[in-house]
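Data block below; observations after.
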Amino acid sequence: MIHRRACLAVVTALVLATPAPAQEKFITVASTTSTQDSGLFGHILPLFKQETGIDVKVVAQGTGQALDTARRGDADVVFVHAKGQEEKFVAEGHGVRRFDVMYNDFVLIGPKADPAGIKGTKDVLTALRTVLAKKAPFVSRGDRSGTHAAEIKLWQLAGIDIAKEKGPWYREIGQGMGAALNTAGAMQAYVLSDRGTWLSFKNKGDLVIVVQGDDRLFNQYGIILVNPAKHPHVKKDLAQSFIDWILSPAGQKAIADYKINGEQLFFPNARKERS
Amino acid sequence: MDSAPALALLLSGDPALYGIAALSLKVSLSAVVIASLLGMPLGAALAIGRIPGRALLTVLINACMGLPPVVVGLAVFLLLSRSGPLGALGLLFTPAAMVIAQAILVTPIIAGLTRQVIEDLWTEYRDEFAAMHIGPVRRAAALLWDARFSLVTTWLAGFGRAAAEVGAVMIVGGNIDGFTRTMTTAIALETSKGDLPLAMGLGLLLIAIVLIVNALAWGVRRLGERFAG
Amino acid sequence: MRAPDSGLPILFDRVSLRAGETAILRDVSLSLAPGAPTVLIGPNGAGKTSLIRIAMGLQKPSGGSISWGGRPAPPPGRLAIVFQRPVMLRRSVRANIAFALAGQGLSRTERHARVARLLDLAALGGLADRPARRLSGGEQQRLALARALAREPEALFLDEPANNLDPAATKSVEALIRNAAASGIKIVMTTHDLGQARRLGGEIIFLAGGQLLERAPADRFFAAPATEKAAAFLRGDIVE
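The listed protein sequences correspond, in order, to chains A, B and C. First residue of the first sequence: 1, per my numbering; consecutive thereafter. First residue of the second sequence: 276, per my numbering; consecutive thereafter. First residue of the third sequence: 505, per my numbering; consecutive thereafter.
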């Protein structure tokens, strides 16, 4: 009899020990795998918490998925890198306003052996045309992320309709940047990556940067407050303080200070005057 | 690949790591507790009750034992999303959502296995209970209690399933650092960051935890059997 | 004057029991009323166990009818049975007896008192907190008896009690049975042990081939069985 009651007590304690819905201040930010995998948030969020006491919970998905999460009202802020999609999001009324936060660039990654012979090419479009011509293995995010959107745009600029031209050499994996790099390494394939994730990636194997520096590889990140008019439960005050902080000199400096092996990953470019 | 720092991290009792392991345990154990409260009476009822549609329910539960975690995750996600029916609860991307998803996954397992165990015991006890005119609720309770040692295996099966899955908790939890990151989602993350030694280390730690839970349960069972016959 | 919810007498009216093609009981008519213990004997497969299962209301006959104190069903709690292989619950001896008393609307003190009395009666006091499954065969039989007697039944059915028990254990089990009979409980039991039948029987019912062949007070039956088959059985011949 006694041990039966003890069991019940243990069980009840366990169930109650599950963290109750937090009473502390927190917001939910839908962001991208590239910002998460690069380790940026691990660096800047503690600084924000220190200053304001607000916990930032980051749900990292592809850009497309992050915007959808926000459309469903499951996030307070969106922080992604596909300007076209972001502007559409605001136009639909789901976001209040879009602000530039920081940029870096994309790099074309490939195996050291360089089967398509494009290493060192300055023009990324030429490189892509060569990849298609040689049917060299190429890994695509295929997940409506900012990087994926950028990749599709580059094919378009190169005059290639990739949906028609793709073949077995073009592998769409539908996963995040880290997974794409892992896959490219294993398959000895080319892949478009953001520099941030690439620099912090720990399984480079014999992958190297094959093309960089082309203007068209510019990668802009933007931040948007989810519209409280459409989603009344959005924590608009707390969320706004996050946006304000990220755009403030303190936040911008925090972003610039994030380095891996002395190399800066993201370059802050918020506009100084905001209305 | 430098595995030394990863190993050092694992052995150092790093608080973040400890937090991840603790969360995994809490979520999976809570899910098993809830699943037991729902599944054990259901399993017992199916074993001894003359419920209409009993055969169909049994087949359904057995089939649900193999529910794909990611599908359950998706279903719970749609339920708990702000634009879903239970959105007002604000449970998405919290540990509570993960417990709910895992409880849904584990309940059929516990119900199905309990049914099996109780059915076997019922054939033995049937006449005695009939002669003593024991009502169905007392019958179920007595059988569940008497089968408690066999049911330990049932709980372990449920716990194993919960602790091992990543699909459901990833979708409904969001793998938020320091909040909904469990061992399995952390392994997925570290793998995608290319930190394979750390991912492997976490994997071994997870296996070790599951082994310890199993060993404890086995110990409890052996002790119990020794003292209660 | 019988209590209004009495289950006795148990009246069998041309009861038969079939299992597929086989007839287990054929045209059995009898009445079980309060009085001396009734012992059923007969060869294996004669239908003895089936008869008492039907009398307990655990099995429905294929033909004929039964009534309990004039009712179509036995009133709950008035009849009890000790099976050939009684099932011990996975708990202590005390808890096993308490289980039989649960849900009876007894207060805790009453229940404790009854359990204590029954433990005493069955000489299991020293083993009260031992896990029931760890008892010896004889002790388990006594526990099963104590459990059956817990609700103070009018009639107690026993299927081969003391089967496979050594003489000492047999003695203690039979003492309990005699005790119960003395306190007014109608005993109906089966046995293949003729010695036991002699020791405990007030009256004997002889079954063979599913039919009730003879019924008589014990001394008369053993001294001078009326039927040929009964005589053959007592002689030790194989009877079908």
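Beta carbons: idealized from backbone N, C-alpha and C, even for Gly.
DSSP beta-bridge partners of residue i
i                          : result
glutamine 588 (chain C)    : None, per the DSSP bridge assignment.
phenylalanine 26 (chain A) : A:Asp55
proline 635 (chain C)      : C:Ser596
leucine 662 (chain C)      : C:Val586, C:Met693
tyrosine 170 (chain A)     : A:Phe138
phenylalanine 79 (chain A) : A:Ser31, A:Ile223
Proximal residues to residue i (C-beta, below 8 Å), its chain only, five neighbours per side dropped
i                           : result
alanine 730 (chain C)       : Glu718, Ala720
lysine 49 (chain A)         : Asp55, Val56
alanine 617 (chain C)       : none
aspartate 100 (chain A)     : Gln220, Tyr221, Gly222, Asn269, Ala270, Arg271
glutamate 263 (chain A)     : Leu199
leucine 738 (chain C)       : Leu698, Phe726, Pro729
phenylalanine 138 (chain A) : Val131, Trp169, Tyr170, Arg171, Ala189, Tyr190, Val191
methionine 1 (chain A)      : Any reading at methionine 1 (chain A) must be qualified, since the residue scores a pLDDT of 42, below 50, and its modelled position is unreliable; no value is offered.
N-terminal and C-terminal residue of the beta strand (DSSP E) that residue i is part of
i                           : result
tryptophan 572 (chain C)    : 567-572
arginine 518 (chain C)      : 514-523
isoleucine 223 (chain A)    : 218-226
tyrosine 190 (chain A)      : 190-194
serine 533 (chain C)        : 526-536
isoleucine 446 (chain B)    : Where isoleucine 446 (chain B) is concerned, there is no enclosing beta strand (DSSP E), although the alpha helix (DSSP H) it sits in stretches over 442-448.
arginine 542 (chain C)      : The sequence given here has threonine at residue 542 (chain C), not arginine. Here the beta strand (DSSP E) through threonine 542 (chain C) covers 542-545.
phenylalanine 710 (chain C) : 707-712
leucine 207 (chain A)       : 207-211
valine 392 (chain B)        : Note, valine 392 (chain B): premise wrong, no beta strand (DSSP E); alpha helix (DSSP H) at 370-406.
Close-in-space but distant-in-sequence residues of the same chain around residue i (CB under 6 Å, 5 per side omitted)
i                           : result
lysine 733 (chain C)        : Ala712, Leu717, Val743
phenylalanine 516 (chain C) : Val532, Ser533, Leu534, Ile570
glycine 213 (chain A)       : none
alanine 461 (chain B)       : Ile295, Leu477
glycine 382 (chain B)       : Glycine is not the amino acid found at residue 382 (chain B); the sequence shown has threonine there. Only Ala310, Leu313, Gly314 meet the Cβ criterion.
isoleucine 162 (chain A)    : Trp155
alanine 463 (chain B)       : Val441
Opening and closing residue of the alpha helix (DSSP H) in which residue i lies
i                           : result
asparagine 600 (chain C)    : 597-605
glycine 110 (chain A)       : No alpha helix (DSSP H) holds glycine 110 (chain A); the beta strand (DSSP E) holding it covers 95-111.
threonine 33 (chain A)      : 33-37
leucine 506 (chain B)       : No information on residue 506 (chain B) is available, as it lies outside the stretch 276 to 504 that chain B covers here.
phenylalanine 725 (chain C) : 722-727
valine 427 (chain B)        : 423-439
arginine 255 (chain A)      : A small fix is needed here, since residue 255 (chain A) is isoleucine in this sequence, not arginine. Run containing isoleucine 255 (chain A): 249-257, per the alpha helix (DSSP H) assignment.
Cβ-heavy atom distance, residue i to the ligand ZN, below 7 Å
i                       : result
aspartate 206 (chain A) : The ligand ZN is not part of this structure, which contains no ligands at all.
Chain-order list of residues whose beta-carbon lies under 7 Å from that of residue i (same chain, five-residue window excluded)
i                           : result
serine 311 (chain B)        : Ile385, Trp430
proline 21 (chain A)        : Any reading at proline 21 (chain A) must be qualified, since the residue scores a pLDDT of 48, below 50, and its modelled position is unreliable; no value is offered.
leucine 628 (chain C)       : Val597, Glu643, Arg646, Leu647, Ala650
glycine 53 (chain A)        : Lys25
glutamate 500 (chain B)     : Phe424
phenylalanine 368 (chain B) : Gly448, Gly449, Ile451, Thr455
glycine 39 (chain A)        : Ser200
arginine 530 (chain C)      : Ser520, Gly714, Gln715
valine 307 (chain B)        : Val381, Trp430, Gly433, Phe434, Ala437
Exposure label - residue i; buried when at least 16 CB within 10 Å
i                        : result
tryptophan 572 (chain C) : buried
lysine 468 (chain B)     : buried
histidine 81 (chain A)   : buried
lysine 301 (chain B)     : buried
proline 547 (chain C)    : buried
glutamine 156 (chain A)  : exposed
histidine 233 (chain A)  : exposed
threonine 33 (chain A)   : buried
valine 346 (chain B)     : exposed
aspartate 421 (chain B)  : buried
glutamate 656 (chain C)  : exposed
alanine 523 (chain C)    : exposed
proline 541 (chain C)    : buried
aspartate 470 (chain B)  : buried
Notebook entry, point to check: Is the segment 660-678 of chain C touching the segment 587-601 of chain C, taking contact as three or more C-beta pairs under 8 Å?
Noted result: yes
Checklist line | Any 3 or more C-beta pairs closer than 8 Å across the segment 71-78 of chain A and the segment 112-126 of chain A | finding: no
Checklist line | Segment contact flag, the segment 492-503 of chain B with the segment 55-66 of chain A, C-beta cutoff 8 Å, min 3 pairs | finding: no
Next item on the list: May I ask you to verify whether the segment 123-137 of chain A touches the segment 87-95 of chain A, counting CB pairs closer than 8 Å and requiring at least 3?
Entry: no
Margin query: So, does the segment 181-192 of chain A touch the segment 204-216 of chain A, judging by three or more C-beta pairs under 8 Å?
Written below: yes
Next item on the list: Check whether the segment 454-463 of chain B touches the segment 292-307 of chain B, taking contact to mean three or more Cβ pairs, one atom from each stretch, closer than 8 Å.
Entry: yes
Check: Looking at C-beta atoms only, is the number of pairs between the segment 642-652 of chain C and the segment 597-606 of chain C that lie closer than 8 Å three or more?
Finding: yes
Notebook entry, point to check: If we count Cβ pairs, one from each stretch, closer than 8 Å, do we get three or more for the segment 551-567 of chain C versus the segment 689-697 of chain C?
Noted result: yes
Next item on the list: Examine the Cβ distances between the segment 328-341 of chain B and the segment 377-391 of chain B and report whether three or more of them are shorter than 8 Å.
Entry: yes
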